[in-house]
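Below is one structure, written out as structure tokens; the observations come after it.
Number of protein chains: 2
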Amino acid sequence: MDLRRLRYFVAVAEARSVGKAAERLRMAQPPLSVQIRKLEAEIGAPLFRRGTRGMDLTEAGQALLARASEALALAADGAEAARAVAAGKRGRLSVGYMFVLANAVLPRLIPELRRSIPGVDLDFAELSASTREARLLDRSVTVALCMPAIHHPEIQVARIGAEPFMLAMPIRSPLARLGAVPMAKLQGRPLIALPWPDHDPASSAVAALLRRHQIVMPIASRVETVHSAMSLVLAGEGLAILPACAQLGAPRGIVFRPLRDATDSIDIAVCWRRDSQSPLIRTFLKCAEKAVAPL
Amino acid sequence: MDLRRLRYFVAVAEARSVGKAAERLRMAQPPLSVQIRKLEAEIGAPLFRRGTRGMDLTEAGQALLARASEALALAADGAEAARAVAAGKRGRLSVGYMFVLANAVLPRLIPELRRSIPGVDLDFAELSASTREARLLDRSVTVALCMPAIHHPEIQVARIGAEPFMLAMPIRSPLARLGAVPMAKLQGRPLIALPWPDHDPASSAVAALLRRHQIVMPIASRVETVHSAMSLVLAGEGLAILPACAQLGAPRGIVFRPLRDATDSIDIAVCWRRDSQSPLIRTFLKCAEKAVAPL
DNA sequence: CTCAACCCATATGTTTTCGGTATGCCAATG
DNA sequence: CATTGGCATACCGAAAACATATGGGTTGAG
């Protein structure tokens, strides 16, 4: 069963004439006649009544016509849908994000995305530092908003911004009275550390910052999320050095202060599989850049 | 867009491998690979991700797969439906019948039809003597139960039975006392005549009957239907010579009596267009014969 | 580290099928 | 009887599909 035959069949049925249909199909009449007869042979029954004034569907032909025109429409629609998905006009984009960025970026990013790619279903998933690579690699998220960037040979990274580090402390802390905290004041104070997933904690941005200023802060706790870090800070367990944007999700009772002399910052990046050919990624990147710009 | 390509595409998508799909399709692997690439070229986007362990649908491919498998099913179903209609297992049969036969034949015929061709939609239309030919010729009925048969070069006829003529009269008529009415008693009595559509009324079966017995009955009225004839008989306008089966639809107050010495009968026939190739006609004919047999 | 296995892609020749042109047949028309 | 209109058939050249042979990449075992 060839789709071309069905197309010809529908054309002849509508034109009620082989000649007229051939004209509309921009082909000669004889081959069309042959194709119709082949279709009839394939079905095993006449589909048209040949009269002296053209052709007329038999009942078997009518039964076929209903399905055939629908099948044609479906096939055309399938091709169109596939093109639309490939062009990024339809489809699904699953966006992963790390919790730190949720409050700072998502409120700007989501409306931007909906405006840019209205036909696309979006879904969002929070990523933890430990699973974000796997989620990209197994394609359960297409694109991820990360801080800092992921380093992996299969994963492509675009840096879209950076956040300075700030010191998070309880509002009652004596350091909170200062406008900006000199690095020296941190010496010896307990630190709530995050495992930035550069695997080796010593190489993390915070560790590097402290090492460069020759400050030693004993690690009071090591936690997975910014969330937990702030809870421990609030409980008086220690101080945390966090990207500025964490401020937006901070509970009452925590204050952030800039670190004087510390120009270090941590990258905000968009990451995706290098082999992912989704055209939505480019659009996503533009939206993300726009959403991050004011920071 | 070729249906074969879609079939190949679905096979590869399901097998998640060109080689496996080729095996299932009983063909070599390279041409299948080529066909898939041609489909991708036609769509204008990759439909599969080629991995080292087979192929995997892209999102565009998924969008196509949904429609493609549906289109395939629809096309197959269309062919099957056309075959079923051609074989008389499905479809529509419109049956015309003349009023005289309604009471005698339809109650047996309809259940018989439903049993024989359960997948077929039946519809019934009452035919008048004057339109029955036209209804067959323009195909608004496929098959007609007629009394008597239609004579027309385009119309084929099968005689399935015959009904003797009887005399219809008011119950109070003196003739009603006789068990069988001798033809001679009809001499000079007014007749309610029907225009059996052999166009020339003189050639109708009733006229022939009277002529053969050398009886003259003045025509009191000429009416279109058996119905009307019986009404006029009841009103005392005259007598009518009707097929025996008309008895079943007769109003109270009318009695039927056999005509002694008159062995004439009128055919019950099934008629259809000579060029109608519907296989339902044969089945209908069998059912009609069975329904008429006990008469 | 090399080798075999696996799987998809490409190349080439043969066969099938399709579309075009020329023509025949039949019925309706004048 | 000739003409017209419409579908069917015959034949030929072109295009497409399939099969066989082969290349290249990755995986996994020895």
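Chains as they are written, first to last, in numbering that gives the first Met the number 0: chain U, 0 to 294; chain L, 0 to 294.
All residues carry an ideal CB built from backbone N, CA and C; glycine is no exception.
On a predicted model such as this, the values are computed, not experimentally measured, just so you know.
Beta-carbon separation of residue i and residue j under 8 Å?
| i | j | result |
| --- | --- | --- |
| U:Ala-167 | U:Ile-253 | yes |
| L:Asp-260 | L:Ala-161 | no |
| U:Arg-193 | U:Met-216 | Arg is not the amino acid found at residue 193 of chain U; the sequence shown has Leu there. No. |
| L:Ala-124 | L:Val-140 | yes |
| U:Arg-25 | L:Asp-1 | no |
| L:Leu-73 | U:Arg-66 | yes |
| U:Met-146 | U:Leu-100 | yes |
| U:Leu-108 | U:Ala-290 | yes |
| U:Leu-54 | U:Val-9 | First, the residue type needs correcting, since residue 54 of chain U is Met and not Leu in the sequence shown. Taking 8 Å as the Cβ cut-off, U:Met-54 and U:Val-9 do not qualify as a contacting pair. |
| U:Ala-299 | L:Val-11 | Summary: the structure shown does not reach residue 299 of chain U, with chain U confined to residues 0 through 294, and so no result is reported for it. |
| L:Glu-39 | L:Leu-46 | yes |
| L:Gly-237 | L:Leu-190 | yes |
| U:Leu-64 | U:Tyr-96 | no |
| L:Arg-273 | L:Gln-155 | yes |
| U:Ser-115 | U:Thr-262 | no |
| U:Glu-69 | L:Ser-277 | no |
| L:Ile-159 | L:Ala-287 | yes |
| U:Pro-257 | U:Leu-233 | no |
| L:Ala-81 | U:Ile-42 | yes |
| L:Val-94 | L:Val-142 | yes |
| U:Glu-111 | U:Leu-136 | no |
Starting from residue i, follow the alpha helix (DSSP H) in both directions and report where the run begins and ends.
| i | result |
| --- | --- |
| U:Cys-286 | 279 to 291 |
| U:Ala-83 | 58 to 85 |
| U:Ser-32 | 28 to 42 |
| L:Arg-6 | 2 to 14 |
| U:Val-205 | 204 to 211 |
| U:Glu-236 | No alpha helix (DSSP H) holds U:Glu-236; DSSP gives it neither H nor E. |
| U:Leu-136 | 131 to 136 |
| L:Ala-20 | 17 to 23 |
Excluding sequence positions up to five away, which residues of its chain have a Cβ less than 8 Å from the Cβ of residue i?
| i | result |
| --- | --- |
| U:Asn-102 | Cys-244, Leu-247 and Gly-248 |
| U:Gly-235 | Pro-169 |
| U:Ala-20 | Tyr-7, Ala-10, Val-11, Glu-13, Ala-14 and Leu-31 |
| L:Arg-138 | Arg-272 and Ser-275 |
| U:Ser-230 | Pro-250 |
| L:Ala-44 | Thr-57 and Ala-59 |
Where do the N-terminal and C-terminal ends of the beta strand (DSSP E) with residue i fall, by residue?
| i | result |
| --- | --- |
| U:Val-94 | 90 to 97 |
| L:Glu-125 | 119 to 126 |
| U:Leu-241 | 239 to 242 |
Give me whichever residues DSSP pairs with residue i in a beta bridge.
| i | result |
| --- | --- |
| L:Ser-227 | Answer by DSSP bridge pairing: none, since L:Ser-227 is not bridged. |
| L:Pro-169 | L:Ile-253 |
| L:Ser-264 | L:Pro-163 |
| U:Met-54 | U:Arg-49 |
| L:Arg-259 | L:Pro-181 |
| L:Ser-270 | Note on identity: in this sequence residue 270 of chain L is Cys, with Ser being the wrong assignment. The partner list for L:Cys-270 (beta bridge, DSSP) reads L:Ala-143 and L:Val-156. |
| L:Arg-221 | L:Ala-192 |
Give me, in chain order, the residues of the same chain whose beta-carbon lies closer than 6 Å to that of residue i; leave out the 5 immediate sequence neighbours on both sides.
| i | result |
| --- | --- |
| U:Ile-170 | Gly-252 and Val-254 |
| L:Lys-88 | Gly-118 |
| L:Ala-157 | Val-269 and Leu-284 |
| L:Leu-303 | Any answer about residue 303 of chain L is impossible in this case: the structure gives chain L only from 0 up to 294. |
| U:Val-205 | Ile-240 |
Within its chain, find whatever has a CB closer than 7 Å to the CB of residue i; leave out the 5 residues flanking it on each side and keep chain order.
| i | result |
| --- | --- |
| U:Arg-221 | Ala-192 and Pro-194 |
| U:Phe-98 | Glu-125, Thr-224, Val-225 and His-226 |
| L:Gln-28 | Val-17, Gly-18 and Ala-21 |
| L:Gly-60 | Ala-12, Leu-46 and Phe-47 |
Requested in this report: Can you give me, in chain order, the residues of the region 0 to 30 of chain L that have a beta carbon less than 8 Å from any beta carbon in chain U?
Outcome: Met-0, Asp-1, Leu-2, Arg-3 and Leu-5
Query raised in the report: What residues in the region 133 to 145 of chain U bring their beta carbon closer than 8 Å to a beta carbon of chain L?
Result: none
Query raised in the report: Using a beta-carbon distance cut-off of less than 8 Å, what residues from the region 35 to 58 of chain L approach chain U?
Result: Glu-41, Ile-42, Gly-43, Ala-44, Pro-45, Leu-46, Arg-48, Thr-57 and Glu-58
Report task. Scan the region 87 to 119 of chain U for residues whose Cβ lies nearer than 9 Å to a Cβ of chain L and list them as they occur along the chain. Result -> Arg-89, Gly-90 and Arg-91
Query - Residues of the region 222 to 249 of chain L whose Cβ lies closer than 7 Å to any Cβ of chain U, in chain order - result: Residues passing the 7 Å Cβ filter: none.
Report task. Could you run through the region 252 to 286 of chain U and flag, in chain order, every residue whose CB is less than 8 Å away from some CB of chain L? Result -> Identification of residues in the region 252 to 286 of chain U having a C-beta nearer than 8 Å to some C-beta of chain L yields Asp-274, Gln-276 and Ser-277, given in sequence order.
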